[in-house]
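Inspection log for the structure reproduced underneath, given as structure tokens.
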Amino acid sequence: MAKIQNSLSAGILAAIRRRRPTVVARDAAVDRGDIVIASYNIHKCVGTDGRFDPARTAQVISEIGADIVALQEADQRFGERAGLLDLEHLRREAHLVSVPISPFSAKGHGWHGNVLLLREGAVSDIRQLKLPGVEPRGALVVDLDLKAGPLRVIAAHLGLLRHSRAQQAEALLRAAADGVGRPTLLIGDLNEWRMGKRSSLKFLSPTFDPSHATVASFPSRFPLLPLDRVLGNPHHLVTSVAVHDSPLARVASDHLPVKASIDLKAVQHGESDPRRAALIGTDSA
């Protein structure tokens, strides 16, 4: 098993050396350290109308306008587990590049359906975690070197069972613990709507604050549950959170995308940001 893991790590690092995604900076906001993050469960490109439409999903990803996007359910669940999006189209039209990983299957794009898209920056390290629990679940741990500074992104899709989510939350904490001072984001469909002691995400505290900036993202037509999250360490890394609510997003998936801003430069300089989650709500398009 150790030999297999070492071989996998070597393959990932080789892929990173071949493909270090670098795209031109967006605007002055990036110079200030304000970076837009998004998490989107694309529901295998099947909309609430029952139609499989990858082009529609790609259009929603484009209209979000984020610098870093974590996607869930980006591959088929069974069979060949093929990737469902045209990654070249996303690179060309949305200026987003898929972070290079060793896919779960030969025709897949992601790791247990998780894909991380990047607009600007370089990848310095990638780990692919197999999460504990009844269902097969995984997470990506990606260290980025951005213009505003270093950042670790943990992109995950947690399980449907509460006990599994608790185990997975503890595994993600271990992944965050060796960041050597890197500001860290935990983003994805965490499949938990409960708050406080009843929440399976309580194990994330105090590294992450599961009660911070929760916005209802599911179901997309009438969102009630905050299943999709963007959590930061330190906590003031995330300055605003909203759902991306557009006519297209309401039909393209059963989840709405969640969109957040982070101020990486302020964190690098040790500043405490009074704007933390000052803007929480809906980003209508």
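Once you know that position 97 of the sequence shown is 97 in UniProt numbering, the rest is easy, because the numbers rise by one and skip nothing.
Every residue, glycine too, gets a C-beta built ideally from N, C-alpha and C.
With fewer than 16 other CB atoms across the displayed protein chains lying within 10 angstroms of its CB, ALA106 is exposed.
Fewer than three pairs of CB atoms, one per stretch, sit closer than 8 Å, so the region 194-203 makes no contact with the region 215-224.
DSSP places THR48 outside both helix and strand once states are collapsed to three, so it counts as coil. Minimum Cα-Cα distance from ILE262 among the listed residues HIS244, HIS255 and ASN233 corresponds to ASN233. Contact between the region 114-132 and the region 147-163 is present: 3 or more CB-CB pairs across the two stretches fall below 8 Å. Taking the Cα positions, VAL134 is about 7 Å away from SER164.
Counting the other CB atoms within 10 Å of its CB gives PHE104 a total of 16 or more, which places it among the buried residues. Close CB contacts of THR184 within its chain, under the 6 Å cut and outside five residues either way in sequence, are with ARG152, ALA176 and ASN233 (chain order).
Within the DSSP secondary-structure output, PRO150 pairs in a beta bridge with ASP145.
Using a Cβ distance threshold of 8 Å, LEU227 and ASP209 do not count as a contacting pair.
Under the DSSP assignment, THR57 falls outside any beta strand (DSSP E), being part of the alpha helix (DSSP H) whose first and last residues are 54-64. Excluding sequence positions up to five before and after THR57, its CB lies within less than 6 Å of the CB of ILE42, CYS45 and ALA252, all in the same chain and listed in chain order.
In the assembly as shown, ASP75 is a buried residue. Its beta-carbon has 16 or more other beta-carbons within 10 Å. For GLN168, the three-state secondary structure derived from DSSP is helix. Beta-bridge analysis with DSSP links PHE218 to LEU225. Note that the C-beta distance between SER246 and GLU63 is below 8 Å. LYS265: member of the alpha helix (DSSP H) spanning 264-268, first to last residue. Per DSSP, the unbroken beta strand (DSSP E) holding ARG127 starts and ends at 122-131. Under the three-state reduction of DSSP, HIS244 is assigned to strand.
Between the alpha carbons of ASP49 and GLY181 lies a gap of roughly 45 Å. Annotated three-state conformation of HIS236 is helix, per DSSP.
For GLN76, there is no enclosing beta strand (DSSP E), as DSSP gives it neither H nor E. Counting along the chain, the unbroken beta strand (DSSP E) around SER39 starts and ends at 34-41.
Across the structure, LEU146 and VAL60 are spaced so that their CA atoms are roughly 24 Å apart.
Between ALA82 and LEU172, the alpha-carbon positions lie close to 26 Å from each other.
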